[in-house]
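Below is one structure; the comments refer to it alone.
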Amino acid sequence: MEYEIKGGSFPIVICYLKNGEKVKTEGGGMALMTPNIRMETTTDGGILKGLGRALSGDSMFLTYYIAEDDDQHVGFASKFPGQIIPLEITEDKPIIAQKTAFLASEEGVDIKMHFRKSLKSGLFGGEGFILQKLEGNGKAFLEMDGEILEYELAPGEKLVIDQGHLGAMEETVSFDIQRVKGAKNMLLGGEGVFLANLTGPGKVWIQTMPFSNLIEAIIPHLPSSG
Numbered sequence: 260m261e262y263e264i265k266g267g268s269f270p271i272v273i274c275y276l277k278n279g280e281k282v283k284t285e286g287g288g289m290a291l292m293t294p295n296i297r298m299e300t301t302t303d304g305g306i307l308k309g310l311g312r313a314l315s316g317d318s319m320f321l322t323y324y325i326a327e328d329d330d331q332h333v334g335f336a337s338k339f340p341g342q343i344i345p346l347e348i349t350e351d352k353p354i355i356a357q358k359t360a361f362l363a364s365e366e367g368v369d370i371k372m373h374f375r376k377s378l379k380s381g382l383f384g385g386e387g388f389i390l391q392k393l394e395g396n397g398k399a400f401l402e403m404d405g406e407i408l409e410y411e412l413a414p415g416e417k418l419v420i421d422q423g424h425l426g427a428m429e430e431t432v433s434f435d436i437q438r439v440k441g442a443k444n445m446l447l448g449g450e451g452v453f454l455a456n457l458t459g460p461g462k463v464w465i466q467t468m469p470f471s472n473l474i475e476a477i478i479p480h481l482p483s484s485g
């Protein structure tokens, strides 16, 4: 499958399909398509799999877009300002992503729940216990907030980040949290009490403007009622 990502802060990915090729997305993800594409909505693996996706922040149902002729295309637009990241998912390199990251993928990519391995990181890790896990084989497209920084961490190399800025990481990267040192830093530093500690090996995708931060910045400027 060929694809093209267009746009700046509000991007769209156009997937070019030959007869019989298909892509899938959660409900409402499609922005445009050519006439000879058939839609098919499914739980994609049964009710339990659908419930698992719902718990991880995705839709219980996925919609397949299946080309019934050559030279067809379908477009999936990002829901918020940011970037669409294309990834090649393989069996040996699953991706762990924030709960709202999945946009679309080829048929061979499976979207599952991923549980944080430690109680501490689940309670204080910003995204909670449940994230998205993408595994299998095929192209996948993730939507992330703001600009994206990609890091390749060597074995044992560490990166400390604000928790909300983690967009995705390879499964080989370990995630833990650390408490901000110093009472004054915790109370007045603006970063909260905990930070995320990432340890390689593996790739990490950092988002510069988490949507929650954008909302916090906008709310004070909204007109008050009454």
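To convert, count from 1 in the sequence shown and add 259; that's the numbering used here.
The C-beta atom is built at its ideal place from N, Cα and C for all residues, glycine as well.
Check                                                                                       : Outcome
Whole-angstrom distance between P479 and G395, CA atom to CA atom                           : 43 Å
CB contact flag (M468, G405, <7 Å)                                                          : yes
Per DSSP, the bridge partner or partners of L390                                            : H373
I407 to L418 span [Cα, whole Å]                                                             : 15 Å
Length of the line joining the Cα atoms of C274 and Q331                                    : 8 Å
Identity of the residue in A427, D421, L393 nearest E409 by Cα                              : A427
A326 and E280 closer than 7 Å at C-beta                                                     : yes
Cβ of K358 within 7 Å of any chain D Cβ                                                     : The structure shown has no chain D; it contains just one protein chain.
Beta-ladder partner(s) of P345, from DSSP                                                   : F400
Cutoff 7 Å; reference E347; Cβ partners in own chain excluding five residues on either side : K398
DSSP three-state assignment for G423, whether helix, strand or coil                         : helix
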